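This report refers to the structure that appears directly beneath it.
Protein chains: 2
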Amino acid sequence: MGRPPAKSLDRGVLPMLLGYVLCRTQSAVFADFAATFEAGGAALTPGEFGLLVLVDRNTGLSQMALARALGIDRSTLVPILDRLQARGFLVRRRSPTDGRTHALMLTPSGTKALGRFTALVRKHEKRIASGLSTAETRALIVLLEKVRASARSL
Amino acid sequence: MGRPPAKSLDRGVLPMLLGYVLCRTQSAVFADFAATFEAGGAALTPGEFGLLVLVDRNTGLSQMALARALGIDRSTLVPILDRLQARGFLVRRRSPTDGRTHALMLTPSGTKALGRFTALVRKHEKRIASGLSTAETRALIVLLEKVRASARSL
DNA sequence: TATTGTTATACTCTATAACTATA
DNA sequence: TATAGTTATAGAGTATAACAATA
Numbered sequence: 386m387g388r389p390p391a392k393s394l395d396r397g398v399l400p401m402l403l404g405y406v407l408c409r410t411q412s413a414v415f416a417d418f419a420a421t422f423e424a425g426g427a428a429l430t431p432g433e434f435g436l437l438v439l440v441d442r443n444t445g446l447s448q449m450a451l452a453r454a455l456g457i458d459r460s461t462l463v464p465i466l467d468r469l470q471a472r473g474f475l476v477r478r479r480s481p482t483d484g485r486t487h488a489l490m491l492t493p494s495g496t497k498a499l500g501r502f503t504a505l506v507r508k509h510e511k512r513i514a515s516g517l518s519t520a521e522t523r524a525l526i527v528l529l530e531k532v533r534a535s536a537r538s539l
Numbered sequence: 386m387g388r389p390p391a392k393s394l395d396r397g398v399l400p401m402l403l404g405y406v407l408c409r410t411q412s413a414v415f416a417d418f419a420a421t422f423e424a425g426g427a428a429l430t431p432g433e434f435g436l437l438v439l440v441d442r443n444t445g446l447s448q449m450a451l452a453r454a455l456g457i458d459r460s461t462l463v464p465i466l467d468r469l470q471a472r473g474f475l476v477r478r479r480s481p482t483d484g485r486t487h488a489l490m491l492t493p494s495g496t497k498a499l500g501r502f503t504a505l506v507r508k509h510e511k512r513i514a515s516g517l518s519t520a521e522t523r524a525l526i527v528l529l530e531k532v533r534a535s536a537r538s539l
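From first to last, the protein sequence lines stand for chains A and B. First residue of the first sequence? That's 386 in our numbering, and the numbers climb one at a time after it. First residue of the second sequence? That's 386 in our numbering, and the numbers climb one at a time after it.
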């Protein structure tokens with residue numbers, strides 16, 4: 386017995402809810418990111434990419450500063466850094482000015498890898514924005530930032 | 386010694402990336418959802434809300450059908466349903482026509498609760514869209530759907 | 001005392017693989 | 001044989017609490 390013709394479900398009010406549409410879009414974009422990197426022979430999550438960019442642009446920053454920028458707890462950051470360090474992308478160096486903190490910096494190999502990753506991200510971005518004009522993409526970013534501003538002030 | 390004036394970090398190219406802005410917005414919206422529900426004396430995640438709506442609008446659907454609609458594995462769904470069932474919102478009933486499946490349905494108490502939750506979601510939606518005109522909100526949803534269409538076709 | 005990084009622990013979401021009941 | 005639901009297990013992401021080193 387074959388399965389019934391898979392009638393699509395009634396989603397009620399959900400498709401009109403901004404939060405719902407945002408969540409589904411984000412999920413598809415995440416999948417596209419993963420697929421793009423897999424096709425490019427690289428393994429990296431969006432969060433790891435953001436972290437590498439932050440360290441690249443702010444060499445020597447501390448784990449606390451990075452955790453704050455990422456909006457996560459400092460304890461959450463530890464295993465993430467462990468992994469990226471094990472892959473040779475970055476190092477924790479003792480700060481000379483404050484013995485409590487670690488100065489984070491990319492290794493030369495990490496910098497090179499970030500270049501490759503950035504090229505893949507551009508490809509991914511091009512793809513997910515392929516249904517939008519340049520003006521629409523810019524408008525979308527502006528609208529999203531407005532939503533974020535309203536949401537976060539709670 | 387006070388902490389240095391928390392100079393905000395250089396985020397490089399990130400704020401121009403659609404994927405990044407999407408992720409941050411989604412995170413803020415999620416936080417707003419949680420805060421709205423907590424303020425309303427209710428505890429529910431966006432995913433649980435979506436699930437309850439789906440069961441409400443498609444009474445008797447199976448766990449497989451629900452998992453497919455949610456885009457998750459059937460094994461992932463089990464503990465989620467366990468929790469909602471333990472809270473008295475829904476029941477798994479044996480299907481009379483196919484002994485392998487469970488027919489999912491809201492309890493009367495679940496239906497009542499969903500009404501309260503829906504009111505809270507409307508409040509939340511109103512808040513996150515408060516910086517946008519009605520036309521902008523509609524436009525945003527359309528743009529997001531276009532992005533999703535481009536992304537998921539990978 | 002307060003801060004930084006770490007560890008221990010726990011909870012949720014996610015998946016795969018194997019089991020059972022049923023078709 | 002194939003499908004539905006469950007269980008066992010594992011990995012990633014998140015958090016809190018407590019600890020050592022340093023300020």
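Note that the Cβ used here is the ideal one computed from N, Cα and C, for glycine as well. Bear in mind that the values here come from a model prediction, so they are computed numbers and not experimental data.
When the distance is taken between beta carbons, is L466(A) closer than 8 Å to T492(A)? no
Is E433(B) close to the ligand MN? I mean its beta-carbon at under 7 Å from any heavy atom of the ligand. Judged by which ligands are present, the structure shown has none, so any question about the ligand MN falls away.
Give the residues of chain A in contact with I513(B), contact being defined as C-beta atoms less than 8 Å apart. L403, G404, V532, S535, A536
Candidates S412(B), Y405(B), L403(B), E521(B), of which the one nearest Y381(A) by Cα: Since the first residue shown for chain A is 386 and the last is 539, residue 381(A) is missing from the structure and cannot be characterised.
Return the bridge partner residues of M490(B) from the DSSP annotation. V476(B)
Assigned exposure category for D417(A) - 16 Cβ within 10 Å defines buried: buried
Under the three-state DSSP convention, the category A536(B) falls into: helix
Closest to G432(A) by CA distance: which of L394(A), L462(A), K531(A), G500(A) is it? L462(A)
Would you mind reading off the limits of the alpha helix (DSSP H) that contains I457(A)? Per DSSP, I457(A) belongs to no alpha helix (DSSP H) and is neither H nor E.
To the nearest angstrom, how far is the alpha carbon of T486(B) from that of F434(B)? 23 Å
Pull up the distance between the alpha-carbon of R477(A) and that of A450(A), whole angstroms please. 13 Å
Rounded to whole angstroms, what is the Cα-Cα separation between L529(B) and A504(A)? 24 Å
Which residues of chain B have a Cβ atom closer than 8 Å to the Cβ of S412(A), listed in chain order? G456
Any Cβ of chain A within less than 8 Å of the Cβ of G484(B)? no
Between which residues of its own chain and A498(B) is the CB-CB distance below 7 Å, once the five residues before and five after are set aside? F474
CB of I526(A) within 8 Å of CB of L403(B), strictly: yes
In terms of alpha-carbon separation, which member of P400(A), A424(A), G484(A), L437(A) lies closest to G397(B)? L437(A)
Note the first and the last residue of the continuous alpha helix (DSSP H) segment covering P431(A). 431-442
Go ahead and label S460(A) buried or exposed: buried means 16 or more other beta carbons lie within 10 angstroms of its beta carbon, across all protein chains shown. exposed
Is there a Cβ from chain A that is less than 8 Å from the Cβ of A498(B)? no
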